[in-house]
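Okay, so here's the structure we're looking at.
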Amino acid sequence: MTASILPATPEAIERAARLIREGGLVAFPTETVYGLAGDATSEEAVARIFAAKGRPRFNPLIIHVPGLAEAEALAAFDERARLAARRFWPGPLSLVLPRRAECGLSLLASAGLDTVALRAPAHAVAQALLRAACRPIAAPSANRSGRVSPTTAAHVSTDLDDQVALILDGGPCPVGVESTVLDLTGRTPALLRAGGVTLEELREVFGDIEIPAAGENTPRAPGRLPSHYAPGLAVRLDAVDARPGEALLAFGPEAPAGFAEVLFLSRSADLAEAAANLFAMLRRLDRPEFSGIAVLPIPEVGLGRAINDRLRRAAAPKL
Ligand code: TXA
Ligand code: MG
Numbered sequence: 000m001t002a003s004i005l006p007a008t009p010e011a012i013e014r015a016a017r018l019i020r021e022g023g024l025v026a027f028p029t030e031t032v033y034g035l036a037g038d039a040t041s042e043e044a045v046a047r048i049f050a051a052k053g054r055p056r057f058n059p060l061i062i063h064v065p066g067l068a069e070a071e072a073l074a075a076f077d078e079r080a081r082l083a084a085r086r087f088w089p090g091p092l093s094l095v096l097p098r099r100a101e102c103g104l105s106l107l108a109s110a111g112l113d114t115v116a117l118r119a120p121a122h123a124v125a126q127a128l129l130r131a132a133c134r135p136i137a138a139p140s141a142n143r144s145g146r147v148s149p150t151t152a153a154h155v156s157t158d159l160d161d162q163v164a165l166i167l168d169g170g171p172c173p174v175g176v177e178s179t180v181l182d183l184t185g186r187t188p189a190l191l192r193a194g195g196v197t198l199e200e201l202r203e204v205f206g207d208i209e210i211p212a213a214g215e216n217t218p219r220a221p222g223r224l225p226s227h228y229a230p231g232l233a234v235r236l237d238a239v240d241a242r243p244g245e246a247l248l249a250f251g252p253e254a255p256a257g258f259a260e261v262l263f264l265s266r267s268a269d270l271a272e273a274a275a276n277l278f279a280m281l282r283r284l285d286r287p288e289f290s291g292i293a294v295l296p297i298p299e300v301g302l303g304r305a306i307n308d309r310l311r312r313a314a315a316p317k318l
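Reminder that position 278 of the sequence shown reads as 277 in numbering that gives the first Met the number 0, one-by-one numbering, no gaps.
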C-alpha cells in the first residue's frame, strides 16, 4: 500500500472518515503535529496503530474528540477538568482523567490503565474529520516510534507511506510541538509532557502544578522514554562553538562561525516560531554529510520548555 496524499477538501475528509469507520488508518493534520488516526472504539484499529508505528504497547494513546460534550461520555470530569477544557479546548492540551467503565474505548488504547488522555484539537481539518467520523479517534503522532514527529504531509509519507491508506494534507502544523499532557487524577495537576499550552498558562489557571522528575517512568506517567524524537545524527545541546562537520540549529540573530550548515529556528528569538520550525529543521539537517547537529541554547520559559524537552530527548543516548 502506498498512501495517497490528498488536499484536505470536504470530499477527502469524508473519505478519510469512512476509512476510519471501516477500521482503517489515515493521517491528518492537527495544530500540533500530524496524527495517525484510527477508530478508538475498535481494538483492531488501535492494534493497527501500534503496529504501524512500531510503538511499545505500554505507551497509551491520546483520544481525540470534538469538544467537552463528547469527552464527558468517555471520562469522569470534575469542576477542575471542566475548567481546563473550557479554558484550553479546542487546543494543544491533553487531559488525563479517570476512564468511564462504559466509555466503549479500546482497552489497548489506554494500555490497560484506568485513565484516559483526551484532547479536542483546534485545527479545522481535525475538527471536520472528528465530526465526520462520528466517533472518538485515537491518534499518536504519525511517525515511526522514537523518531522526529511530523509537521507536514511529506514527513508522514517519509515515515509511514506503506502503513496508511490516506494522508490528508492541511499544510504545515502551526504550533509544531505536541500537546501538553496534564494529569488531573491527583490532588495537584501534574505536567506529564510539556507542549503547546505553556506551564505559565496552566499556573495562571490552577496555581500549583506538579512536575514529575525527568525520566520518571511510573504507571501514572508512562511512555516518558528518555530517547525519543531522535534524528539519525547525534544532537548536541547548548553549543557555543562548532565541531568539525557539524550542522547548527540557531536561535536568535547570530550563529557562531564554522558550522557546515546553519538553520535559524527563529532569528527574532520568537519561541512560537522556533517551535513551529523545530521538527522540520531537525529532519532537514539529519543528513549523513554532517557529523552531528548542534543547537544553540534556548530559554527554559513558555514554549521553550517543550522545545528543550524534545531536544533533550533527541540528544539522549539511543536505547
Ligand atoms: O499533539 C499531540 O498530542 C499529538 C496529536 C496527533 O494530537 N499526539 C501525540 O500522541 O503526541 P503521542 O501518542 O505521540 O503521545 C501521547 C502521550 C504519550 O506521552 C503518552 O504516554 C501520554 O500521551 N498518555 C496517553 N495516555 C495517557 C494516560 N492514560 N496517562 C498518562 N499519559 C498518557
Ligand atoms: Mg509521538
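Glycine included, every Cβ here is placed at the ideal spot set by N, Cα and C.
For a test of your reading of the model: does the CB of residue i fall under 6 Å from any non-hydrogen atom of the ligand TXA? Yes or no.
{"i": "Ile-208", "result": "no"}
{"i": "Arg-192", "result": "yes"}
{"i": "Ile-4", "result": "no"}
{"i": "Thr-31", "result": "yes"}
{"i": "Ile-292", "result": "no"}
{"i": "Glu-116", "result": "Correcting the residue identity first, residue 116 is Ala in this sequence and not Glu. Yes - the ligand TXA has a heavy atom lying nearer than 6 Å to the Cβ of Ala-116."}
{"i": "Pro-34", "result": "The question names Pro, yet the displayed sequence has Gly at residue 34. For the ligand TXA, at least one heavy atom lies less than 6 Å from the Cβ of Gly-34."}
{"i": "Val-155", "result": "no"}
{"i": "Val-163", "result": "no"}
{"i": "Leu-60", "result": "yes"}
{"i": "Leu-281", "result": "no"}
{"i": "Leu-112", "result": "yes"}
{"i": "Val-234", "result": "no"}
{"i": "Val-25", "result": "no"}
{"i": "Val-124", "result": "no"}
What whole-angstrom Cβ distance do residue i and residue j have, given they're in contact under 8 Å?
{"i": "Ala-39", "j": "Ala-108", "result": "5 Å"}
{"i": "Leu-92", "j": "Ala-83", "result": "7 Å"}
{"i": "Ala-51", "j": "Leu-159", "result": "6 Å"}
{"i": "Val-45", "j": "Leu-60", "result": "7 Å"}
{"i": "Ser-41", "j": "Ser-105", "result": "6 Å"}
{"i": "Val-294", "j": "Leu-262", "result": "That pair is no contact at about 10 Å."}
{"i": "Gly-257", "j": "Asp-237", "result": "That pair is no contact at about 16 Å."}
{"i": "Phe-278", "j": "Thr-150", "result": "5 Å"}
{"i": "Ala-274", "j": "Ile-306", "result": "6 Å"}
Nearest to residue i by CA position, among the options, is which residue?
{"i": "Phe-289", "options": "Glu-245, Leu-295, Arg-309", "result": "Glu-245"}
{"i": "Arg-54", "options": "Ala-315, Arg-143, Ser-267", "result": "Arg-143"}
{"i": "Ala-127", "options": "Pro-298, Leu-73, Ala-16", "result": "Ala-16"}
{"i": "Leu-270", "options": "Leu-248, Gly-303, Val-239, Ala-241", "result": "Gly-303"}
{"i": "Pro-252", "options": "Val-261, Glu-260, Arg-266, Ala-241", "result": "Arg-266"}
{"i": "Cys-133", "options": "Pro-65, Arg-99, Thr-8, His-122", "result": "Pro-65"}
{"i": "Ile-12", "options": "Val-124, Gln-162, His-154, Thr-150", "result": "Val-124"}
{"i": "Glu-10", "options": "Glu-203, Thr-187, Leu-165", "result": "Leu-165"}
{"i": "Val-95", "options": "Ala-116, Arg-85, Tyr-228", "result": "Ala-116"}
{"i": "Ser-330", "options": "Ala-152, Leu-310, Ala-131, Arg-146", "result": "Since the first residue of the chain shown is 0 and the last is 318, residue 330 is not available in this structure."}
{"i": "Pro-171", "options": "Ser-148, Asp-161, Pro-188", "result": "Ser-148"}
{"i": "Ala-26", "options": "Asp-240, Gly-195, Ala-138, Gly-291", "result": "Ala-138"}
{"i": "Arg-20", "options": "Pro-173, Glu-203, Thr-184, Ile-136", "result": "Ile-136"}
{"i": "Val-180", "options": "Ile-62, Gly-291, Ala-259, Ala-75", "result": "Ile-62"}
{"i": "Glu-203", "options": "Ala-212, Pro-188, Arg-99", "result": "Pro-188"}
{"i": "Arg-186", "options": "Phe-87, Val-174, Asp-207, Glu-200", "result": "Asp-207"}
{"i": "Phe-205", "options": "Gly-194, Leu-183, Ser-156", "result": "Leu-183"}
{"i": "Ala-229", "options": "Arg-283, Glu-272, Ala-275, Phe-250", "result": "Arg-283"}
{"i": "Tyr-33", "options": "Glu-71, Arg-47, Val-163, Ala-268", "result": "Val-163"}
{"i": "Glu-299", "options": "Ala-212, Ala-193, Glu-209, Asn-276", "result": "Ala-193"}
{"i": "Asp-173", "options": "Thr-197, Thr-29, Glu-209, Pro-6", "result": "In the sequence as presented, Asp is not what sits at residue 173; that position holds Pro. Checking every option, the nearest Cα to that of Pro-173 belongs to Thr-29."}
Could you have a look at residue i and say whether DSSP puts it in helix, strand or coil?
{"i": "Thr-150", "result": "coil"}
{"i": "Glu-30", "result": "coil"}
{"i": "Gly-37", "result": "strand"}
{"i": "Leu-24", "result": "coil"}
{"i": "Phe-49", "result": "helix"}
{"i": "Arg-56", "result": "coil"}
{"i": "Glu-319", "result": "Given that the chain is displayed from residue 0 to residue 318, the structure contains no residue 319 and the question cannot be resolved."}
{"i": "Thr-197", "result": "coil"}
{"i": "Thr-187", "result": "coil"}
{"i": "Val-239", "result": "coil"}
{"i": "Gly-303", "result": "helix"}
{"i": "Arg-98", "result": "strand"}
{"i": "Arg-312", "result": "helix"}
{"i": "Ser-290", "result": "coil"}
{"i": "Val-6", "result": "Note on identity: in this sequence residue 6 is Pro, with Val being the wrong assignment. Note: Pro-6 maps to strand in three-state DSSP."}
{"i": "Ser-156", "result": "helix"}
{"i": "Val-205", "result": "It is Phe, not Val, that sits at residue 205 in the sequence shown. Note: Phe-205 maps to helix in three-state DSSP."}
{"i": "Glu-253", "result": "coil"}
Consider the Cβ of residue i: report whether some Cβ of chain C lies at a distance smaller than 7 Å.
{"i": "Gly-145", "result": "No chain C is present in this structure, which holds just one protein chain."}
Legend entry - Pocket of the ligand MG (residues with CB nearer than 7 Å to any heavy atom), chain order: Those residues are Pro-139, Ser-140, Asn-142, Ser-148, Glu-177, given in chain order.
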